[in-house]
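Novice: In the order they appear, the protein sequences are chains A and B.
The first sequence begins at 1 in full-length UniProt numbering and counts up one residue at a time.
The second sequence begins at 1 in full-length UniProt numbering and counts up one residue at a time.
Have a look at this one before I ask anything.
2 protein chains.
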Amino acid sequence: MSWSIAQVARMSGVTARTLRHYDDIGLLKPDHVGANGYRYYEEAQLLRLQQILVLRELGLGLADIATAIDSEPDLIAALRRQHARLIGERDRLARVARTVARTIADLEGRPEVAVRINRPENLFEGFDSSQYDDEARERWPEDFERAQRTRESMTDADVERWQREATAAMIRMAEFMAAGTPVDDPAVLDETHQHWLSICHWWTPNRTAYTCLGRMYVDDERFKANYTKIAEGLAEYQAAAMAAYAEARLSD
Amino acid sequence: MSWSIAQVARMSGVTARTLRHYDDIGLLKPDHVGANGYRYYEEAQLLRLQQILVLRELGLGLADIATAIDSEPDLIAALRRQHARLIGERDRLARVARTVARTIADLEGRPEVAVRINRPENLFEGFDSSQYDDEARERWPEDFERAQRTRESMTDADVERWQREATAAMIRMAEFMAAGTPVDDPAVLDETHQHWLSICHWWTPNRTAYTCLGRMYVDDERFKANYTKIAEGLAEYQAAAMAAYAEARLSD
DNA sequence: GCTTGACCTTGACGTTACGGAAGCTTCTAC
DNA sequence: GTAGAAGCTTCCGTAACGTCAAGGTCAAGC
Numbered sequence: 001m002s003w004s005i006a007q008v009a010r011m012s013g014v015t016a017r018t019l020r021h022y023d024d025i026g027l028l029k030p031d032h033v034g035a036n037g038y039r040y041y042e043e044a045q046l047l048r049l050q051q052i053l054v055l056r057e058l059g060l061g062l063a064d065i066a067t068a069i070d071s072e073p074d075l076i077a078a079l080r081r082q083h084a085r086l087i088g089e090r091d092r093l094a095r096v097a098r099t100v101a102r103t104i105a106d107l108e109g110r111p112e113v114a115v116r117i118n119r120p121e122n123l124f125e126g127f128d129s130s131q132y133d134d135e136a137r138e139r140w141p142e143d144f145e146r147a148q149r150t151r152e153s154m155t156d157a158d159v160e161r162w163q164r165e166a167t168a169a170m171i172r173m174a175e176f177m178a179a180g181t182p183v184d185d186p187a188v189l190d191e192t193h194q195h196w197l198s199i200c201h202w203w204t205p206n207r208t209a210y211t212c213l214g215r216m217y218v219d220d221e222r223f224k225a226n227y228t229k230i231a232e233g234l235a236e237y238q239a240a241a242m243a244a245y246a247e248a249r250l251s252d
Numbered sequence: 001m002s003w004s005i006a007q008v009a010r011m012s013g014v015t016a017r018t019l020r021h022y023d024d025i026g027l028l029k030p031d032h033v034g035a036n037g038y039r040y041y042e043e044a045q046l047l048r049l050q051q052i053l054v055l056r057e058l059g060l061g062l063a064d065i066a067t068a069i070d071s072e073p074d075l076i077a078a079l080r081r082q083h084a085r086l087i088g089e090r091d092r093l094a095r096v097a098r099t100v101a102r103t104i105a106d107l108e109g110r111p112e113v114a115v116r117i118n119r120p121e122n123l124f125e126g127f128d129s130s131q132y133d134d135e136a137r138e139r140w141p142e143d144f145e146r147a148q149r150t151r152e153s154m155t156d157a158d159v160e161r162w163q164r165e166a167t168a169a170m171i172r173m174a175e176f177m178a179a180g181t182p183v184d185d186p187a188v189l190d191e192t193h194q195h196w197l198s199i200c201h202w203w204t205p206n207r208t209a210y211t212c213l214g215r216m217y218v219d220d221e222r223f224k225a226n227y228t229k230i231a232e233g234l235a236e237y238q239a240a241a242m243a244a245y246a247e248a249r250l251s252d
């Protein structure tokens, strides 16, 4: 069984151009080329492509991928180098981001608000969400059912991932707050949109409900405490952002 | 007073090639061009160049710089966009780095050691280093004098910056630990070299002294507690890294 | 047998922000 | 007068493709 370039492209999600490029640089040669010049790929090439795509996801360059994939022992070394590069680059971006935030504050003549941000890996670690079950079942019976089913469909790893992402989102929001970004700034609206989507994972709040949810983050001490663990005033900022988002993008 | 391209290059730290490039794309035109084709710059151009370099430091593209610099009101908007891009990119790199770490663990068949890492902005905030003064004066009288003078020469902002960087370095080290990187891996040696340099800011430990300092991070409860705030086992890892570095790169 | 449209090919240019080199002209100092 | 430093333009290269352009191939329907 052999596949044409477009078929492989559809199966793997890369473009035909990319496959030709990989052929050009010798990273992934087709199994054979027809008399008409067409490239034909076999399963072996698909497997190799999979490896390539995994390593590409990890940020390796195509040259590194080629050497790593063709000489297995180098792979771990290459990944370690890449890991070091990644965290170095991440820290550089973090520093630059802070400088940009300070510069914005300067330009606006705003006093430098030194917001202290804590960055836990996973704020919800060991968090027992069932403590809210009775209350939620009572207040929103239908939504509770849906949410319950969603929760049941998640593995531990899914939960872990979701918690990490939620924590990271809270931290990003704290950074917008620290940078003095108004809650109706497009960037904050986008970030809040992500938050709305993550809520939609469980239920779909309309304008009123979403605004209300934001208020709850402030009014309910348990929620507020979680936000405050990241940064002082974050619950209020988050609530304001949600209100602004609901106003701008949600309908009743 | 006009300056030639090489003079401007020396004054500003960019290359002449870069200045020609900025001329080509219209970002920074010389004040005038001589009959011989030479570019001559005046103070106005130097000021503009300074602005360009600041914005370039902040990660803006040259096109963005051009529009931002020529229409002041756009500047803050451009910076806000850039800030959002930066933290988005930073988070993406953080996610990829975690995946790489997991992949390495997989490939090595190592059990997934879930190290929890805390990432405070500044671990030493409100830290009173003078609590160690008496002890240090007693144990290393000469070095203490030098360190004291160094400390006096630093402004509050310097201290703040140093503390942030020290915290970030501890977090990076925790990540190497979480990734299972051996302490004698080149990346860890490099990171430890940075630590050694930061220590050299105050005094210059030789092989024995540096190894000893590492042991103190583990043995002295107060030091160890600080490392443990970032991650469990970090003090031991840091000490081992310092011993490996001393062994490999320092002499007695 | 012809047309149509989907699919394939190679080749070349554009992207970012310059680095580097070739080949030539100009300035400056001795 | 000449050497060497400095200047100029022009072109190629970078990473990983995207995006035409111009043309050949294939399968299906009429």
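Ideal placement from N, C-alpha and C gives every residue a C-beta, glycine not left out.
Kindly list, in the order they appear in chain B, the residues whose Cβ is closer than 9 angstroms to that of Glu138 (chain A).
Specialist: For the purposes of this step, residue 138 (chain A) is taken as residue 138 along the first sequence, with counting starting at 1. Residues of chain B passing the Cβ test: none, with the nearest at roughly 34 angstroms.
Novice: Roughly how many whole angstroms lie between the Cα atoms of Asp252 (chain B) and Met216 (chain B)?
Specialist: Here residue 252 (chain B) refers to the residue found at position 252 of the second sequence. Here residue 216 (chain B) refers to the residue found at position 216 of the second sequence. Going by the C-alpha atoms only, they are around 19 angstroms apart.
Novice: Nearest by alpha-carbon distance to Leu250 (chain B): which of B:Cys212, B:Asp220 and B:Glu221 is it?
Specialist: As a working mapping, residue 250 (chain B) is identified with position 250 in the second sequence. The shortest C-alpha separation from Leu250 (chain B) is found at B:Cys212.
Novice: Taking only the alpha-carbon atoms, compute the straight-line gap between Ala187 (chain B) and Asp70 (chain B) and give it to the nearest angstrom.
Specialist: Position 187 of the second sequence holds residue 187 (chain B). Position 70 of the second sequence holds residue 70 (chain B). Cα-Cα distance, rounded: 43 angstroms.
Novice: From what residue to what residue does the beta strand (DSSP E) around Asn118 (chain B) run?
Specialist: By one-based count along the second sequence, residue 118 (chain B) stands at place 118. Run containing Asn118 (chain B): Asn118 to Pro120, per the beta strand (DSSP E) assignment.
Novice: What does DSSP give as the partner residues of Tyr132 (chain A) in its beta bridges?
Specialist: Translated into positions along the first sequence, residue 132 (chain A) becomes position 132. Looking at the DSSP assignment, Tyr132 (chain A) forms no beta bridge with any residue, so it has no partner.
Novice: Please tell me whether Gln194 (chain A) has its Cβ less than 8 angstroms away from any Cβ of chain B.
Specialist: In the first sequence, residue 194 (chain A) corresponds to position 194, counting from 1. Chain B contact via Cβ: absent.
Novice: Please report the straight-line C-alpha distance between Asp143 (chain A) and Ile199 (chain A), rounded to a whole angstrom.
Specialist: The residue you call residue 143 (chain A) lines up with position 143 of the first sequence. The residue you call residue 199 (chain A) lines up with position 199 of the first sequence. One C-alpha to the other measures close to 11 angstroms.
Novice: Could one say the Cβ of Ala101 (chain B) lies closer than 8 angstroms to chain A's Cβ atoms, at least one of them?
Specialist: On the second sequence, position 101 is the one that residue 101 (chain B) refers to. So yes, Ala101 (chain B) belongs to the interface.
Novice: Of the residues A:Leu46, A:Tyr22 and A:Gly37, which one's Cα is nearest the Cα of Met1 (chain A)?
Specialist: As a working mapping, residue 1 (chain A) is identified with position 1 in the first sequence. Considering only alpha carbons, the answer is A:Leu46.
Novice: Any C-beta of chain B sitting closer than 8 angstroms to the C-beta of Gln50 (chain A)?
Specialist: As a working mapping, residue 50 (chain A) is identified with position 50 in the first sequence. Chain B, which has no Cβ nearer than 8 angstroms to the Cβ of Gln50 (chain A), makes this no.
Novice: Classify Asp219 (chain B): buried if its beta carbon has 16 or more other beta carbons within 10 angstroms, exposed otherwise.
Specialist: Numbered from its first residue, the second sequence carries residue 219 (chain B) at position 219. It is exposed - the Cβ of Asp219 (chain B) has fewer than 16 other Cβ atoms within 10 Å.
Novice: Is the shortest distance between the beta-carbon of Gly13 (chain B) and the beta-carbons of chain A less than 8 angstroms?
Specialist: Within the second sequence, the letter at position 13 stands for residue 13 (chain B). Not one chain A Cβ lies under 8 angstroms of Gly13 (chain B).
Novice: Identify every residue that forms a DSSP beta bridge with Val33 (chain A).
Specialist: Residue 33 (chain A) sits at position 33 when you count from the first residue of the first sequence. Paired residues: A:Arg39.
Novice: Leaving out the 5 sequence neighbours to the left and right, which residues in its chain are closer than 6 angstroms to Ala246 (chain A) when beta-carbon positions are compared?
Specialist: Position 246 of the first sequence holds residue 246 (chain A). For Ala246 (chain A), where only same-chain residues beyond five positions count, the Cβ hits under 6 angstroms are Arg207, Tyr210 and Thr211.
Novice: Check whether the segment 46–58 of chain B and the segment 92–105 of chain A touch, using three or more Cβ-Cβ pairs below 8 angstroms as the test.
Specialist: With the cut-off at 8 angstroms, the segment 46–58 of chain B and the segment 92–105 of chain A touch.
Novice: Start and end of the alpha helix (DSSP H) containing Thr204 (chain A)?
Specialist: The residue given as residue 204 (chain A) occupies position 204 in the first sequence. Element bounds for Thr204 (chain A): n/a, residue is neither H nor E.
Novice: Which residues of chain B have a Cβ atom closer than 8 angstroms to the Cβ of Glu121 (chain A), listed in chain order?
Specialist: The residue labelled residue 121 (chain A) in the question sits at position 121 within the first sequence. Residues of chain B passing the Cβ test: Arg116, Ile117, Asn118 and Arg119.
Novice: Return no unless some Cβ of chain A is closer than 8 angstroms to the Cβ of Thr167 (chain B).
Specialist: Working through the second sequence from its first residue, we reach residue 167 (chain B) at position 167. Chain A contact via Cβ: absent.
Novice: Can you tell me where the alpha helix (DSSP H) holding Pro111 (chain A) begins and where it ends?
Specialist: Your numbering for residue 111 (chain A) matches position 111 in the first sequence. First-last for Pro111 (chain A): undefined, no H or E at that position.
Novice: With a threshold of 8 angstroms between beta-carbons, can Thr228 (chain B) be considered close to chain A, or not?
Specialist: Stepping through the second sequence from its first residue, residue 228 (chain B) is reached at position 228. Not an interface residue.
Novice: Three Cβ pairs or more, each shorter than 8 angstroms: is that satisfied between the segment 180–197 of chain A and the segment 71–83 of chain B?
Specialist: Result yes; three or more Cβ-Cβ pairs closer than 8 angstroms.
Novice: Kindly indicate the opening and closing residues of the alpha helix (DSSP H) around Leu197 (chain B).
Specialist: Sequence index remark: in the second sequence, residue 197 (chain B) carries index 197 (1-based). Pro186 to Cys200 is the extent of the alpha helix (DSSP H) around Leu197 (chain B).
Novice: Helix, strand or coil: how does DSSP classify Trp3 (chain A) here?
Specialist: Within the first sequence, the letter at position 3 stands for residue 3 (chain A). DSSP places Trp3 (chain A) in strand when its eight states are reduced to three.
Novice: Could you please tell me which residues of the segment 162–192 of chain A, in chain order, have their CB closer than 7 angstroms to any CB of chain B?
Specialist: The segment 162–192 of chain A vs chain B, Cβ under 7 angstroms: Ala168, Arg172, Glu175, Ala179, Thr181, Asp185 and Ala187.
Novice: Is any beta-carbon of chain A found at less than 8 angstroms from that of Arg80 (chain B)?
Specialist: Your numbering for residue 80 (chain B) matches position 80 in the second sequence. By this cut-off, Arg80 (chain B) is an interface position.
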